[in-house]
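Undergrad: With positions in the sequence shown counted from 1, the corresponding number in the working numbering is that position plus 52.
Heads up, the beta-carbon is just placed ideally off N, CA and C, and yes, glycines get one too.
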Amino acid sequence: MSLSEVDFLHYNSHILIPEIGDVGQEKFNNATVMIIGLGGLGCPVAAYLAASGIGRIGLCDFDSVEKTNLQRQLLFSENDINKPKVQVIKKQIGKINKRILVDAHNKKFQDLMVDADYDIFIDCTDNMDTKLFINDFCYRAKKKLITGSATRLEGQIIGFDFEKNSKCCLECIFDKSGASQFNCSDLGILVSLLGMMGCLQVTMTLNMILGNFKKHGIISRFDSFESQWIELKPSNKVNCPICDLLKQEGSKFVQHK
Numbered sequence: 053m054s055l056s057e058v059d060f061l062h063y064n065s066h067i068l069i070p071e072i073g074d075v076g077q078e079k080f081n082n083a084t085v086m087i088i089g090l091g092g093l094g095c096p097v098a099a100y101l102a103a104s105g106i107g108r109i110g111l112c113d114f115d116s117v118e119k120t121n122l123q124r125q126l127l128f129s130e131n132d133i134n135k136p137k138v139q140v141i142k143k144q145i146g147k148i149n150k151r152i153l154v155d156a157h158n159k160k161f162q163d164l165m166v167d168a169d170y171d172i173f174i175d176c177t178d179n180m181d182t183k184l185f186i187n188d189f190c191y192r193a194k195k196k197l198i199t200g201s202a203t204r205l206e207g208q209i210i211g212f213d214f215e216k217n218s219k220c221c222l223e224c225i226f227d228k229s230g231a232s233q234f235n236c237s238d239l240g241i242l243v244s245l246l247g248m249m250g251c252l253q254v255t256m257t258l259n260m261i262l263g264n265f266k267k268h269g270i271i272s273r274f275d276s277f278e279s280q281w282i283e284l285k286p287s288n289k290v291n292c293p294i295c296d297l298l299k300q301e302g303s304k305f306v307q308h309k
């Protein structure tokens, strides 16, 4: 779908950037992206994907809004308590950009995956079992995946392009023993860090759409207390149940319980 005169005006700040231009903005408008988890990361991700003009955005979360969410999940208000998160955010980002299509899936990703026909998947969940399940799905389906997390004063993002690179997946980096480390409710979280990491997930998504993603499997970690970035490049885990064993055994799900 090409840009209209109204689109040129609306997305002018993007089009003026030589690395994006009208061709890049058309790519954004034609892209499809799924957000899994609509909490502290998912809220800024949804808002900035909409503002960027992503043509079709999928929202996946089975939770309803709770009062304890409001301080760190900025698309919700007290009037939204007990409402499904997907419905509230669909309405909110529709106000940000009426040109986009938004799919609201009020269910777990495990129950949705057969209908999950999107170019890029953004993992904003805070549960390691779910993260590993999403990783498993994206690897088998040869999809692009951006997984993010933030607790206390530290955040990190990792991108994978399984369409072009079958080396290293999330299972190589983490395992079920770290399942509790992402839970903001138990460990606390610096609110501004969530906004920062969510925006970085969106920026990585836009780079993927433009064909400018070069950091498959590299962990980008930020320590907000020290204002310090570090990058880690893990290697394939020997006998990884996803990216090693699946090459030998074929496409088969590994269930994480």
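Quick one: is asparagine 121 buried, meaning 16 or more other Cβ sit within 10 Å of its Cβ, or exposed?
TA: buried
Undergrad: Which same chain residues end up closer than 6 Å to glutamate 301 when comparing Cβ atoms and leaving out the 5 residues on each side of it in sequence?
TA: Here glutamate 301 scores only 45 on pLDDT, less than 50, and its place in the model should not be relied on; the value that follows carries that caveat. Sequence-distant partners of glutamate 301 (beyond 5 residues in either direction) whose C-beta falls short of 6 Å from its own C-beta are missing from its chain.
Undergrad: Please tell me whether valine 15 and tyrosine 170 are closer than 9 Å, where the distance is taken between their beta carbons.
TA: Nothing can be reported for residue 15: it is not among the residues displayed for the chain, which extend from 53 to 309.
Undergrad: At which residue ranges does the stretch 111 to 179 contain complete alpha helix (DSSP H) runs of 4 or more residues, listed in the order of the chain?
TA: Listed in chain order, they are 137 to 148.
Undergrad: Can you give me the start and stop residues for the alpha helix (DSSP H) that isoleucine 261 sits inside?
TA: Isoleucine 261 -> alpha helix (DSSP H) spans 243 to 262.
Undergrad: For the alpha helix (DSSP H) that serine 104 lies in, which residues bound it at each end?
TA: 94 to 104
Undergrad: Anyone know if the C-beta pair for glycine 94 and leucine 153 falls short of 9 Å?
TA: no
Undergrad: Does DSSP put leucine 197 in a helix, a strand or coil?
TA: strand
Undergrad: For serine 272, list the residues DSSP reports as bridge partners.
TA: Ile209 and Glu283
Undergrad: Quick check: the Cα distance between methionine 180 and phenylalanine 212, rounded to an integer number of angstroms?
TA: 17 Å
Undergrad: Going straight from the alpha carbon of leucine 172 to that of arginine 192, what length do you get?
TA: It is worth fixing the name first, because residue 172 is isoleucine in this sequence and not leucine. Each residue's alpha carbon lies about 14 Å from the other.
Undergrad: Reducing DSSP to helix, strand and coil, say where isoleucine 88 ends up.
TA: strand
Undergrad: Would you grab the beta carbon distance between isoleucine 210 and glycine 269 for me? Rounded to a whole angstrom, and I think it's under 8 Å.
TA: 7 Å
Undergrad: If you drop the 5 nearest sequence neighbours on each side, which residues of the same chain put their C-beta closer than 6 Å to that of glutamate 215?
TA: Lys194
Undergrad: Determine the DSSP secondary structure at isoleucine 72, reduced to helix, strand or coil.
TA: When secondary structure is reduced to three states using DSSP, isoleucine 72 falls in the coil class, being assigned neither helix nor strand.
Undergrad: Is isoleucine 87 near leucine 111, with beta carbons less than 9 Å apart?
TA: yes
Undergrad: Please go through the same chain and pick out, in chain order, the residues whose beta-carbon is closer than 8 Å to the beta-carbon of isoleucine 198, but skip the five residues on each side of it.
TA: Ile172, Phe173, Ile174, Asp175, Ile209, Ile210, Gly211, Phe212, Gln253, Met256, Thr257 and Met260
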